[in-house]
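Q:
Residue numbers (the numbering used here): -12 to 59.
#1: Pull up the distance between the alpha-carbon of residue 30 and that of residue 20, whole angstroms please.
#2: Counting beta carbon pairs with one atom in the segment 33 to 46 and one in the segment -1 to 8, are three or more of them shorter than 8 Å?
#3: By DSSP, does residue 27 sit in helix, in strand, or in coil?
#4: Keeping to the same chain, check which residues put their C-beta closer than 7 Å to that of residue 34; ignore five residues upstream and five downstream.
#5: Measuring only the C-alpha atoms, how far is residue 25 from residue -9?
#6: Go through its chain and collect everything with a Cβ distance to residue 12's Cβ below 7 Å, but skip five positions before and after it.
Written as structure tokens, this is what we have:
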């Protein structure tokens, strides 16, 4: 679960940086400068780890009070 949260969180932060430089987005929301600048190999490893962690979570179908009650 920790790998999933870290991987998704860091990749979303870095994805928001280039998306905020699109002119219509900049006019509405302004620009965002990501505080994290990781090398490409680490981004790919974190993204792959997040995918594997989410697949493991979905395939095992186990109950987690932290994850399962968050949507209610």
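Note that the Cβ used here is the ideal one computed from N, Cα and C, for glycine as well.
A: Taking the geometry as given:
#1: Cα-Cα distance, rounded: 17 Å.
#2: Segments in contact, no.
#3: DSSP places residue 27 in helix when its eight states are reduced to three.
#4: So the list reads -6 and -2, once near-sequence residues are dropped.
#5: Taking the CA atoms as reference points, residue 25 sits about 17 Å from residue -9.
#6: Result list for residue 12: 6, in chain order.
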